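Below: the structure, in structure tokens.
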Amino acid sequence: MKAKILVTGAFNAGKTTFIRSISEIDPVYTDKKMLDTEELTTVAMDFGRITVDDTISLYLFGTPGQERFDFMWDILKEDIIGFILLVDSITPNMDVTLRMLKFFSEHSDAPCVIACTKQDHKDALPVETIQKQLNMDTVPVLPCVATDKVSVKKVLLTLLHDILEKIH
Amino acid sequence: MKELITMAFRQVRGIQKIHLPEESPPMFTNTVENLREVLSIHRVDHILIEGNRHSFYVMFSNDRWIGVTTDRNVNEVIIRAALERAVKFLEKHSQVEQRMKHIKRDIEEYFVSVGVDARVRRINLSVESDSVSGKIQLSAREGRAEAVKEQLRQFLERQLPYFIKNKVDIIIEKQGLLDRITRDQLLRIIRRVERL
Chain A
1 MKAKILVTGA
11 FNAGKTTFIR
21 SISEIDPVYT
31 DKKMLDTEEL
41 TTVAMDFGRI
51 TVDDTISLYL
61 FGTPGQERFD
71 FMWDILKEDI
81 IGFILLVDSI
91 TPNMDVTLRM
101 LKFFSEHSDA
111 PCVIACTKQD
121 HKDALPVETI
131 QKQLNMDTVP
141 VLPCVATDKV
151 SVKKVLLTLL
161 HDILEKIH
Chain B
1 MKELITMAFR
11 QVRGIQKIHL
21 PEESPPMFTN
31 TVENLREVLS
41 IHRVDHILIE
51 GNRHSFYVMF
61 SNDRWIGVTT
71 DRNVNEVIIR
81 AALERAVKFL
91 EKHSQVEQRM
101 KHIKRDIEEY
111 FVSVGVDARV
121 RRINLSVESD
131 SVSGKIQLSA
141 REGRAEAVKE
151 QLRQFLERQL
161 PYFIKNKVDI
171 IIEKQGLLDR
181 ITRDQLLRII
191 RRVERL
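Here the protein sequences line up with chains A and B, keeping their order. For what it's worth, my numbering labels the leading residue of the first sequence as 1, then goes sequentially. For what it's worth, my numbering labels the leading residue of the second sequence as 1, then goes sequentially.
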């Protein structure tokens, strides 16, 4: 059985790092250097795995952050059991974040958690501020440091427990 | 069951009465069973008894038998062919009954083998004399309902013998979270993530 969780969020929210922190395998990256800044950006999807036993594996799929790859959302949303929406706490791109939240909430019955990344940065906005800007009180909003495995684990467990409640 | 047997004799003229174990008086049944014992010694599974005006023909198959009383002038070959047809019908009927016991598993295995992403939610089928009727409820991805329905129709046609008149309603529901993961599977994932 392959359980699939989607890790999504606007450009530079930390999706690739998030998956890298928790995946037991070296994630499959599809990152390319951007022409203008030489920074890496994901152009198809990231992919990580956590093996439970011989029969069950949990897969983490990351969506590409750039708008021109939005068509991938429709493909990646298939069969997900939940999704994690990452928001960059330093420069949250609220338009894109809200658009993503709307898309996945409308096209999937999978539960969601919102993780505010880069919370270890001095310029990071407080979680409460981001939550207020999102105007979202039905979905758990959590602080997160995508480079920290414990922090990523906490977000993932929150989502898994949320899914558990839904299939009670 | 009677309809199924009658169907096998539809083309034969001069049939007086069809005898089946469940519809015959005990004395008649006992006589036929004794006859079976006698015939089995000679490794014979059928016999024709001719009277002045009527003939009686009985054929045995596994644990059941079919008898028929006909006019005296009906050709033995025709009667025998009809009885063989009736036995075949009965065998196929019991085959269908057997298949119905595992239909859920068979459908699920079929979907896996052809790569169809659908799950069986509920099956409520009953086997009648010449048909299988009822409802099969499935869940499938959005936009795949017609394709899944067609796949299942093809599968049922192959699974059910030709004389079965299929009256099965296939209902496709939208896939839900529970179709993708069970509580037990999720608990195992949670325990694994906690150990990371």
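Just so you know, even glycine gets a beta-carbon here, dropped at the ideal spot from N, CA and C. Treat the numbers as computed from the prediction; the structure is a model and nothing was measured.
Chain A within 8 Å of residue i, Cβ atoms only
i      : result
I172/B : no
R188/B : yes
V193/B : yes
G115/B : no
L178/B : yes
Q98/B  : no
L196/B : yes
R64/B  : no
R141/B : yes
R144/B : no
R183/B : yes
From the options, residue whose alpha carbon lies closest to that of residue i
i      : options                           : result
L164/A : H19/B, K167/B and I190/B          : I190/B
D162/A : A86/B, L186/B, R85/B and D45/B    : L186/B
D120/A : M136/A, P143/A and C112/A         : P143/A
L39/B  : A82/B, S61/B and A8/B             : S61/B
K154/A : P140/A, K166/A and I167/A         : P140/A
V150/A : A13/A, N12/A, G9/A and S23/A      : S23/A
L160/B : R10/B, E91/B and I49/B            : E91/B
I75/A  : G62/A, L86/A and V87/A            : G62/A
I171/B : W65/B, S133/B, A145/B and K88/B   : A145/B
T69/B  : H19/B, L196/B, S131/B and G134/B  : H19/B
H54/B  : H46/B, G67/B and N73/B            : N73/B
T117/A : P111/A, T97/A and S108/A          : T97/A
I5/B   : G51/B, W65/B and E37/B            : W65/B
H93/B  : G51/B, S129/B, F9/B and N52/B     : S129/B
V96/B  : D169/B, R183/B, D71/B and R158/B  : R158/B
V193/B : T8/A, I56/A, E106/A and P64/A     : I56/A
G115/B : R195/B, R141/B and H46/B          : R141/B
M100/B : M7/B, Y57/B, A86/B and K135/B     : K135/B
D54/A  : R195/B, L196/B and R188/B         : R188/B
S139/B : V127/B, S133/B, A118/B and S131/B : A118/B
V58/B  : E50/B, N52/B, G67/B and G51/B     : G67/B
I103/B : L83/B, V87/B, K88/B and V127/B    : V127/B
DSSP-derived helix/strand/coil call for residue i
i      : result
A81/B  : helix
H54/B  : strand
N75/B  : coil
H121/A : coil
M27/B  : helix
E128/B : coil
E78/A  : coil
D53/A  : coil
D46/A  : strand
T97/A  : helix
E142/B : coil
A86/B  : helix
D169/B : strand
M1/A   : coil
P143/A : strand
F155/B : helix
S61/B  : strand
L164/A : helix
V113/A : strand
A13/A  : coil
Cβ of residue i within 8 Å of any chain B Cβ
i      : result
L164/A : yes
M1/A   : yes
L76/A  : no
I167/A : yes
L137/A : Just to set this straight, residue 137/A is Asp in the shown sequence, not Leu. No, D137/A does not count as interfacial toward chain B.
K153/A : yes
L160/A : yes
D46/A  : no
V52/A  : yes
D79/A  : yes
L156/A : yes
L86/A  : no
D26/A  : no
I114/A : no
D120/A : no
I22/A  : yes
Nearest-angstrom beta carbon gap, residue j and residue i [assumed within contact, 8 Å]
i      : j      : result
R153/B : Q137/B : Going by Cβ atoms, the distance from R153/B to Q137/B rounds to 15 Å, so no, they are not a contact pair.
S21/A  : A146/A : 6 Å
D123/A : I90/A  : 5 Å
Q147/B : R85/B  : Reading the sequence as shown, one finds Ala at residue 147/B and not Gln. At roughly 37 Å, the Cβ-Cβ gap does not stay under 8 Å, so A147/B and R85/B are not in contact.
F155/B : Y110/B : 5 Å
L58/A  : V113/A : So it is not a contact: roughly 15 Å between Cβ atoms.
D46/A  : K15/A  : 6 Å
F18/A  : V152/A : 6 Å
L125/A : G9/A   : 15 Å between Cβ atoms; not a contact.
- Query: Can you find at least 3 beta carbon pairs, one from the stretch 4-14 of chain A and one from the stretch 77-85 of chain A, that sit closer than 8 Å?
  - Reply: yes
- Message: Assess contact between the stretch 161-180 of chain B and the stretch 39-51 of chain B, defined as three or more Cβ pairs (one per stretch) separated by less than 8 Å. Is contact present?
- Response: Counting Cβ pairs under 8 Å, fewer than three are found: no touch.
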